[in-house]
Amino acid sequence: MSFKDLQLNKPILRAIAEAGYNDPTLVQEKTIPLVLNKEDVITSAQTGTGKTAAFALPILQLLFDKQEAPKKGKKIKALIVSPTRELAIQIGENFKTYSTYTNLRSTVIFGGTSIEPQKDVLKKGVDIVIATPGRLLDLHKQDVLNLDYIEILVLDEADLMLDMGFIDDVKKIERLCPNEKQTLLFSATMPYKVEQLANTILNTPKRVEVSPTSSASKHISQVLYYVPKRNKIELCLHLLRNTIRGSILIFRRTKFGVDKLEKTLLKNGYKVESIHGDKSQTDRQNALKKFKNGYVNILIATDVAARGIDINSLDAVINFDLPNVPETYVHRIGRTGRAGNTGLSYSLCSADEKAYVKTIQQLINVQIPIEENHPYPLDPKAKPIVHKSKKPKSKHKKGRKSEASKKKKKRWY
Numbered sequence: 001m002s003f004k005d006l007q008l009n010k011p012i013l014r015a016i017a018e019a020g021y022n023d024p025t026l027v028q029e030k031t032i033p034l035v036l037n038k039e040d041v042i043t044s045a046q047t048g049t050g051k052t053a054a055f056a057l058p059i060l061q062l063l064f065d066k067q068e069a070p071k072k073g074k075k076i077k078a079l080i081v082s083p084t085r086e087l088a089i090q091i092g093e094n095f096k097t098y099s100t101y102t103n104l105r106s107t108v109i110f111g112g113t114s115i116e117p118q119k120d121v122l123k124k125g126v127d128i129v130i131a132t133p134g135r136l137l138d139l140h141k142q143d144v145l146n147l148d149y150i151e152i153l154v155l156d157e158a159d160l161m162l163d164m165g166f167i168d169d170v171k172k173i174e175r176l177c178p179n180e181k182q183t184l185l186f187s188a189t190m191p192y193k194v195e196q197l198a199n200t201i202l203n204t205p206k207r208v209e210v211s212p213t214s215s216a217s218k219h220i221s222q223v224l225y226y227v228p229k230r231n232k233i234e235l236c237l238h239l240l241r242n243t244i245r246g247s248i249l250i251f252r253r254t255k256f257g258v259d260k261l262e263k264t265l266l267k268n269g270y271k272v273e274s275i276h277g278d279k280s281q282t283d284r285q286n287a288l289k290k291f292k293n294g295y296v297n298i299l300i301a302t303d304v305a306a307r308g309i310d311i312n313s314l315d316a317v318i319n320f321d322l323p324n325v326p327e328t329y330v331h332r333i334g335r336t337g338r339a340g341n342t343g344l345s346y347s348l349c350s351a352d353e354k355a356y357v358k359t360i361q362q363l364i365n366v367q368i369p370i371e372e373n374h375p376y377p378l379d380p381k382a383k384p385i386v387h388k389s390k391k392p393k394s395k396h397k398k399g400r401k402s403e404a405s406k407k408k409k410k411r412w413y
């Protein structure tokens, strides 16, 4: 199947051809006709399957077919809600690419940066807004952004939005839009809360499921290292010196862990950048730009900061900390080995993470090969360190005996 078979118009076909798109991916092939048919849609697809184009192309087609002449005061007809700034920016870039030969105008709004330029763009009028929830509601509260004319609402990375605590914001945004609208929900996983949300705001939706999260790409070679927690940084340095080459994405569970590892790698002469939620928008964008352009070859990130970011030609992923959610492991390693290329995944597992390995292997139905030949092996009998809580101190002052002890020692003659 080609994009022509999906009944896309000539301006859009010309733009995607110049962008190097040949044939649609499976998620695009299944989703685009449903969106063009004005159905509500729930699409479950992993990052890297082409889901942005799966909603962007048909939205542009629908709006193009009924667009007005360019003028000030355009009404916002399509709204895409995204959980992170990086993902919103990336989606915005895609919309601009695909709409090159149309008169449709789009803009991206997000927090962490000056609100005034965003107000100016909105006042001039746009057809499509890509936004993070917080800044979107701020602008609506200031009467700068009107959602009364929304025809298409997209909730992207719905599971991440719920994980980040945006569920109330998402529900509020949906209520601010007209009742009569087309709603599209995209999510890498479909936990119960996402299903609940979908049942609340979508109208008899069609479902598309592509590349279930229980599968890992066959193009990715996975390897597991058991290592004492105290030696993880030493093992990471050993692997970078002797085994792992090219562009590398390292995942850590916490922001503190990201900063700590970055300082260590910089001290050891590596070219490193990092992204996490406490960094400013400018710092995060600069870090990502340096990594994509090859100025640095190592990027350290938390899952939330890295979610949805598209990085081409990634050679390896290192799970410095194993995730406690097995689907997250699949998302992480799925960032390498794309488009038929081979990829490498290295996981460092301490004693307290052994249970995570078990659930990951159950999900992907694969026994991850263990590499035992390294300088920091974990004692097979090692057990997680359990920190015992200290016994509460006695309320009685030192040197004084409690009434109970006095009674106990009282003698009867």
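Residues in the sequence shown are numbered from 1 upward in steps of one, following this note's numbering.
Think of the CB as a built atom: it goes at the ideal place given N, C-alpha and C, for glycine as much as any other residue.
An exposed status is given to residue 256, since fewer than 16 other beta-carbon atoms sit within 10 Å of its beta-carbon. Our two residues, residue 370 and residue 220, have alpha carbons roughly 15 Å apart in a direct line.
Cα atoms of residue 292 and residue 248: separation of roughly 11 Å, rounded to the nearest angstrom.
Around the Cβ of residue 295, a 10 Å sphere holds fewer than 16 other Cβ atoms; the residue is exposed. As a beta-bridge residue in DSSP terms, residue 187 pairs with 44. Distance from residue 58 to residue 27 at the Cβ level is roughly 12 Å; contact not present, criterion being Cβ atoms closer than 8 Å. Counted as a single uninterrupted DSSP element, the beta strand (DSSP E) harbouring residue 107 occupies residues 106-109. With contacts defined as CB atoms closer than 8 Å, residue 56 and residue 22 fail to qualify as a contacting pair. By DSSP's assignment, residue 226 forms a beta bridge with 349. For residue 197, the secondary structure class from DSSP, reduced to helix, strand or coil, is helix. Counting C-beta pairs closer than 8 Å gives three or more between the stretch 265-278 and the stretch 297-304, which meets the contact rule. In this model, residue 133 and residue 372 are separated by some 46 Å (Cα to Cα). The three-state reading of DSSP puts residue 301 in strand, counting E and B together. In the DSSP secondary-structure assignment, residue 220 is bridged to 343. Under the three-state reduction of DSSP output, residue 279 falls in the coil class, being neither helix nor strand. About 11 Å separates the Cβ atoms of residue 100 and residue 17, ruling out a contact at the 8 Å cut-off. Within the DSSP secondary-structure output, residue 130 pairs in a beta bridge with 80 and 108. As the crow flies, the alpha-carbon of residue 199 is around 43 Å from that of residue 229. By the Cβ criterion, the stretch 311-325 is in contact with the stretch 333-347, since at least three pairs of Cβ atoms, one from each stretch, lie closer than 8 Å.
For residue 238, the closest alpha carbon among the candidates 354, 268, 126 and 330 is that of 268. In the structure shown, residue 142 adopts coil according to DSSP, grouped into three states. For residue 206, the enclosing beta strand (DSSP E) covers residues 206-209.
When 154, 149 and 114 are compared, the shortest CA-CA separation from residue 125 is found for 149.
Rounded to whole angstroms, the separation of the alpha carbons of residue 60 and residue 329 is 34 Å.
Here residue 152 carries a strand assignment [DSSP, helix/strand/coil]. Judged by DSSP in its simplified three-state form, residue 203 adopts coil rather than helix or strand.
Boundaries for residue 296: no alpha helix (DSSP H) harbours it, and the DSSP string shows neither H nor E there. Here the alpha carbon of residue 49 sits roughly 7 Å from the alpha carbon of residue 25. Separation of residue 186 and residue 376 (C-alpha to C-alpha, rounded to the nearest whole angstrom) is 42 Å.
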